[in-house]
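Notes follow once the structure below has been shown.
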Ligand SMILES: [Zn+2]
Ligand SMILES: [Zn+2]
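Residue numbers (our numbering): 10 to 207.
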């Protein structure tokens, strides 16, 4: 695997195979959209194998802070999967991850992300999955919370609005120009960083 490319790993935690399949299909579909022109995004998504998911449940058991859980999970998985750059987790609404995230940020109703790890605990809505996932690639919100749900950009069906649904977003394209630029520069910048390190 080319180590100069940012690899995003994803998995469900505490959910059944139906959700595995939902997540797999959602990831594949978004990747198809992003890799098409004009973006030509080519940082691949991979499913985290089951044996590495136990790292997440073990860390979750011993930590009571969402940032510690994110940081420690990523560093432990990196020992097994060296090329991991970003991690996306889908888990139940009543999971400990959701509890810790909402304790940190009461507005995090569906999911919570830092720059490297994102957890979503709203099930069966691929638009929420995509919205939270896109935050990992430095894509910005186009809303100012529930009072100003947006989209605050030029695109009326932008996925970065508050609480995106099939009705408010619909078919691709659903990313505004500002965020297309952000995702393009995110994927390019990484290569430069890695090259410099070599
Ligand atoms: Zn957001
Ligand atoms: Zn937007």
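Positions of the beta carbon are idealized from the N, C-alpha and C atoms, including for glycine.
{"query": "Considering only their Cβ atoms, is the gap separating residue 137 from residue 120 smaller than 8 Å?", "result": "yes"}
{"query": "The beta strand (DSSP E) spanning residue 54 covers which residue range?", "result": "54 to 56"}
{"query": "Among residues of its own chain, excluding the 5 on either side of residue 39, which ones have a beta-carbon nearer than 6 Å to its beta-carbon?", "result": "139"}
{"query": "Look at residue 22 and residue 66 and say whether their C-beta atoms are less than 8 Å apart.", "result": "yes"}
{"query": "Excluding five sequence neighbours on each side, which residues of the same chain lie with their C-beta closer than 7 Å to the C-beta of residue 117?", "result": "110, 111"}
{"query": "Tell me whether residue 114 is buried or exposed, calling it buried when 16 or more other Cβ atoms sit within 10 Å of its Cβ.", "result": "exposed"}
{"query": "Consider the C-beta atom of residue 164 and the heavy atoms of ligand 2; say whether any pair is separated by less than 7 Å.", "result": "yes"}
{"query": "Can you give the Cα-Cα distance for residue 28 and residue 187, rounded to whole angstroms?", "result": "32 Å"}
{"query": "Can residue 151 be considered in contact with ligand 2, in the sense that its beta carbon sits closer than 7 Å to one or more heavy atoms?", "result": "yes"}
{"query": "Using a threshold of 7 Å, is the CB atom of residue 169 nearer than that to any non-hydrogen atom of ligand 1?", "result": "yes"}
{"query": "Ligand 2 heavy atoms versus the CB of residue 160: any closer than 7 Å?", "result": "yes"}
{"query": "For residue 194, is the classification buried or exposed, using 16 other Cβ atoms within 10 angstroms of its Cβ as the cut-off for buried?", "result": "exposed"}
{"query": "Quick check: does the Cβ of residue 185 come within less than 7 Å of any heavy atom belonging to ligand 2?", "result": "yes"}
{"query": "Going by DSSP, name the residue or residues bridged to residue 128.", "result": "98, 121"}
{"query": "Does any C-beta atom of chain B lie closer than 8 Å to the C-beta of residue 196?", "result": "In the displayed structure, chain B is absent; only one protein chain is listed."}
{"query": "If we ignore side chains and look at the alpha-carbon of each, how far apart do residue 81 and residue 178 end up?", "result": "35 Å"}
{"query": "Taking all protein chains shown into account, decide if residue 108 is buried (16 or more other Cβ within 10 angstroms of its Cβ) or exposed.", "result": "exposed"}
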